[in-house]
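Protein sequence lines, in the order shown, are assigned to chains P and D.
Be aware that the first sequence starts at 667, since it is given in my numbering, and climbs by one per residue.
Be aware that the second sequence starts at 7, since it is given in my numbering, and climbs by one per residue.
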Amino acid sequence: MSMRLNHLVVSHADSTLVDVGTLDFERGRPVTIVGESGSGKSLLAHAIMGTLPANLTARGSLAMDGQTFDLSDRANRRGLWGRLMSLLPQEPTLALDPTMRAQEQVAEGATSFTTDSSGARRTAGTLLAALGLGHASRAFPHTLSGGMAQRVAFAAATIGGAPVLIADEPSKGLDERARTELAGLLKLHLDGGGILLTITHDLDLARELGGDVLVMKDAHVVEQGCARQVLTEPAHPYTRRLLEAEPANWNHAWARRGAPPEEGGTALVSGEGLSKAFGGQQLFSDLSVTIRAGERVSLGGPSGSGKTTLGNVLLRLLPPDAGYVHHAVALRGGRLQKLYQDPALAFPARVALRDPFGDVIRRHRLEPARLEELMASLGLTPALLNRRPGQVSGGELQRLAIIRAMLLEPALVFADEPTSRLDLITQELTVACLMDQVDRHGCALVLVTHDYALANAVAGRRIPLGVAVTERLVQGAGTPV
Amino acid sequence: MAPFDTGRTGVETGKPAQGGPPALPLVPAARRRLVPGTAVQGVAAALLAVLVLFALIGPLAWPDHAVQDLSRFLEAPSLAEPLGRDHLGRSVVARLAHATQLSLMMAIACVGTALLVGTTGALIAAWRGGSIETALNGLSEAFIALPALLVILIFSALANGDLWTLYAGLALSQWVEYFRMVRARSALVLAGPAVEAAGLLRLGPVHVMRRHLWPDLRPLLTTMATFGIGSSILALSTLGFVGIGVRPPTPELGLMITEAFPYYHEAPWMSLAPVLVLSTILIGLLSLRSKEARQ
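Next comes the structure, spelled out in structure tokens:
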């Protein structure tokens, strides 16, 4: 079978959100759409599935196996779901039903589920075992790691045997190893003669998948072609811009690639003999860490290795099982700040942003002009403050979080995966804003990230975490990068 | 599992994108709340307003709810007596006005007390944790184990139907739900990164209360209180109906229904009037509530 998308236009009121010409999909050849958030790439996937939000209108047609579907009718593809086309949702941990065991929810996707539920359950069990999840088939989603949840979601999306699989930002929040696993899964689907459309802002995933790559910007496809060619010799300036935004290719004044670890600064945070276990799993033991003034350290390791936990222990937000953490006097009075992975959760959800910022200014008797000055220098308009956190894009909100932290002129900023949910260009902008401020105030930075390239570009030394290094003593200098 | 989950598409559609296509028009949250409700809610609000007016002005217009005139036994409605007279020749409209006032005032007092006690206890428990939380939690569980009616009965047995015992019994049976809802909700908010960030910014408890907890709890509490007023009025009239509520000379909706029962054939207006008031209050409150739920 083959699939062809003809002149899809998605619009809202007067603005066009997606406008693409003809796209052909073949069995066994992956198609990957890359682009920044808001370029319309997710909408394209949902327009094909027929799952667009009701306030958007679509035009165009989809030809599959000689049948033609009018894309303006949302309902006509509903019968194909699961049997002919299925969607691998983003953030599988949120898409899975938290109250159902893995095997049960995978079984519900089988076409035979209504007639033969025990057979469907058996099929689901076999499928999960084939994906290396045989031991976890009775597990609830919250006990699974991000990569495992992704495999369960993959099983649920493919159990119906749909030849067309659409993956919407499947690598969001996954570390390198889980991403390689994911690429393996998607290739498995291709090897079975399936059609694959992947929407992502992760260029590494696009590279691993190969096939065709389409670059989308402002609702249009600006460049398309074979993955190897587009991602190594881009023709369009926007694609070049996209490639330059990868941390490995950054070239900023603050990038400290290969810089020797700083010595001699006063110790701001020193932890000795730290141990912490969660749910029977020892995350780290007898770990000693010192963070000095003005230093830039990255905390790295695969997801689940205890990066965030170690950070919270060092921030004294969480007590260690053993050992102690000492904070220097310089950190008192709010001079130790934290940036969060999801900035939308770091602000009170139901009030306009003006209120929390106003409270910081009043509480610490700051000049209101300083907020305006910082906002201007980070390229944000004051009107953003009238919105609630949920109404501001992730990149802008993270920059607002940086401003909030910088208002108190901190001596140490702890950034917990601050850009892992952002697309490449927004990530570069956000990190540039952060590093600019860190440089200006000479404050120390601890960056938690699973992205080795990002850690490499930003930090002077790296504290690796993970099963292999748990027993290792990471003292003072750590591992120079 | 929903393989076709579209819940997250809003991320790409609803928010203004950086350097991307023009943002979709966003309706600011504040304005959204000012959008007038549906016609049903308008009617409900109007009906409730009429009833409140009746409860406020009625007792002044018809002050003599206890004056008996046996010669005017079961008199039919007239211009001077819009709801006629009951089996003891008392003015039904005067009794109805006093009963409505009593029901509304009692319900508001009970819900107000339960809300205040429950919320305060819950905030203390969620904020302080430790043994205080364990103790308050145990107390609330003990109250959940007791049927609400039993609590009220025990209290009314204490002082034989005095108003304050009814008030105390109703409030005591209701504070638990506020306690448990608010504790669960605020524990979630207090454990979140937003409050952690506020702690690192040294913003203090007033900020957490005002910006984090209150905006989150307010819609919840409004919904619960609207429900609570309805169920208090119903509970009060149920108690009156079975004869263990307010003592007889005092007009009360449930009591009036019971008293009118034997005469429903000769004087249907007598039993219909309190039933009508009761159902209007309940339906009005429920129709108003849907506005909060949709927020």
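Yeah, the Cβ is synthetic: ideal placement off N, Cα and C, and Gly gets one too.
Range covered by the beta strand (DSSP E) that runs through residue i
{"i": "methionine 814 (chain P)", "result": "Segment 812-824 is the alpha helix (DSSP H) holding methionine 814 (chain P); no beta strand (DSSP E) there."}
{"i": "proline 1130 (chain P)", "result": "1127-1130"}
{"i": "valine 1097 (chain P)", "result": "Counting along the chain, valine 1097 (chain P) falls outside any beta strand (DSSP E), though it belongs to the alpha helix (DSSP H) covering 1090-1107."}
{"i": "aspartate 685 (chain P)", "result": "681-686"}
{"i": "leucine 863 (chain P)", "result": "861-866"}
{"i": "arginine 962 (chain P)", "result": "962-966"}
{"i": "glycine 939 (chain P)", "result": "933-944"}
{"i": "valine 676 (chain P)", "result": "669-678"}
Cutoff 9 Å: residue i Cβ touching any chain D Cβ
{"i": "histidine 1030 (chain P)", "result": "yes"}
{"i": "valine 675 (chain P)", "result": "no"}
{"i": "proline 1014 (chain P)", "result": "yes"}
{"i": "aspartate 731 (chain P)", "result": "no"}
{"i": "glycine 924 (chain P)", "result": "Any reading at glycine 924 (chain P) needs caution, since the residue's pLDDT is 48, under 50, leaving its predicted position unreliable; the model's value is listed next. False, the Cβ-Cβ gap to chain D never drops below 9 Å."}
{"i": "alanine 1067 (chain P)", "result": "yes"}
{"i": "proline 1130 (chain P)", "result": "no"}
{"i": "serine 668 (chain P)", "result": "no"}
Residues that residue i contacts on chain P, provided the C-beta gap is smaller than 9 Å
{"i": "leucine 207 (chain D)", "result": "Gly1000, Gln1003, Pro1022, Asp1025, Val1026, Arg1029, His1030, Arg1070, Ala1071, Leu1073 and Leu1074"}
is_contact[residue i, chain P] using C-beta, thresh 9 Å
{"i": "proline 221 (chain D)", "result": "yes"}
{"i": "threonine 286 (chain D)", "result": "no"}
{"i": "proline 27 (chain D)", "result": "In this prediction, proline 27 (chain D) has a pLDDT of 37, which is less than 50 and means its spatial position is unreliable; nothing more can be read from the coordinates."}
{"i": "alanine 35 (chain D)", "result": "For alanine 35 (chain D), the pLDDT reaches just 40, beneath the cut-off of 50, and the residue's location in the model is therefore unreliable, although a value from the coordinates is still provided. So, interface residue."}
Assumed close pair residue i, residue j - CB separation to whole angstroms, cut-off 8 Å
{"i": "valine 214 (chain D)", "j": "alanine 204 (chain D)", "result": "6 Å"}
{"i": "valine 188 (chain D)", "j": "alanine 128 (chain D)", "result": "4 Å"}
{"i": "valine 248 (chain D)", "j": "leucine 102 (chain D)", "result": "So it is not a contact: roughly 20 Å between Cβ atoms."}
{"i": "threonine 759 (chain P)", "j": "proline 836 (chain P)", "result": "Their Cβ separation, rounded to whole angstroms, is 12 Å, which puts threonine 759 (chain P) and proline 836 (chain P) out of contact at 8 Å."}
{"i": "alanine 819 (chain P)", "j": "leucine 762 (chain P)", "result": "6 Å"}
{"i": "lysine 707 (chain P)", "j": "methionine 882 (chain P)", "result": "5 Å"}
{"i": "glycine 236 (chain D)", "j": "leucine 291 (chain D)", "result": "4 Å"}
{"i": "leucine 981 (chain P)", "j": "leucine 1131 (chain P)", "result": "Going by Cβ atoms, the distance from leucine 981 (chain P) to leucine 1131 (chain P) rounds to 16 Å, so no, they are not a contact pair."}
{"i": "tryptophan 220 (chain D)", "j": "glycine 90 (chain D)", "result": "Incorrect: roughly 49 Å between the Cβ atoms, too far for contact."}
{"i": "arginine 962 (chain P)", "j": "alanine 1125 (chain P)", "result": "5 Å"}
Short CB-CB distance (under 9 Å) between residue i and chain B
{"i": "histidine 213 (chain D)", "result": "In summary, chain B is missing from the structure at hand, where the protein chains are P and D."}
Segment limits, alpha helix (DSSP H) that includes residue i
{"i": "methionine 111 (chain D)", "result": "98-134"}
{"i": "histidine 992 (chain P)", "result": "Where histidine 992 (chain P) is concerned, there is no enclosing alpha helix (DSSP H), although the beta strand (DSSP E) it sits in stretches over 988-993."}
{"i": "arginine 958 (chain P)", "result": "From DSSP, arginine 958 (chain P) is part of no alpha helix (DSSP H) but of the beta strand (DSSP E) over 947-958."}
{"i": "isoleucine 239 (chain D)", "result": "220-247"}
{"i": "phenylalanine 895 (chain P)", "result": "Here the sequence assigns glutamine to residue 895 (chain P), which means phenylalanine is not the residue at that position. Element bounds for glutamine 895 (chain P): 893-898."}
{"i": "histidine 213 (chain D)", "result": "210-213"}
{"i": "glutamine 1064 (chain P)", "result": "1060-1073"}
{"i": "serine 707 (chain P)", "result": "The sequence shown places lysine at residue 707 (chain P), not serine. From DSSP, the alpha helix (DSSP H) with lysine 707 (chain P) extends over 707-715."}
Contacts that residue i makes with chain P (C-beta to C-beta distance below 8 Å)
{"i": "arginine 217 (chain D)", "result": "Pro1014, Val1017, Asp1021, Pro1022 and Asp1025"}
{"i": "leucine 64 (chain D)", "result": "Note that residue 64 (chain D) corresponds to glycine in the displayed sequence, not to leucine. Correct list: empty, because the minimum Cβ distance to chain P is about 40 Å."}
{"i": "glycine 210 (chain D)", "result": "Arg1029"}
Within chain D, the residues that residue i reaches when beta carbons sit closer than 8 Å
{"i": "arginine 1011 (chain P)", "result": "The question names arginine, yet the displayed sequence has leucine at residue 1011 (chain P). The contacting residues are Gly198, Pro199 and Ala200."}
{"i": "tyrosine 904 (chain P)", "result": "In chain order: nothing, as chain D lies at least about 10 Å away."}
{"i": "tyrosine 1006 (chain P)", "result": "Pro199 and Ala203"}
> Listed from N- to C-terminal order along the chain, which residues in the region 131-160 of chain D have their beta-carbon within a distance smaller than 9 Å of any beta-carbon of chain P?
Replying inline: none
task: Below 9 Å between beta carbons is the criterion; list the residues of the region 171-205 of chain D that meet it against any residue of chain P, in chain order.
output: Val195, Gly198, Pro199, Ala200, Val201, Glu202, Ala203, Ala204 and Gly205
Item to check | Against chain D: residues of the region 981-1000 of chain P by CB proximity under 7 Å | outcome: Leu983, Gly999 and Gly1000
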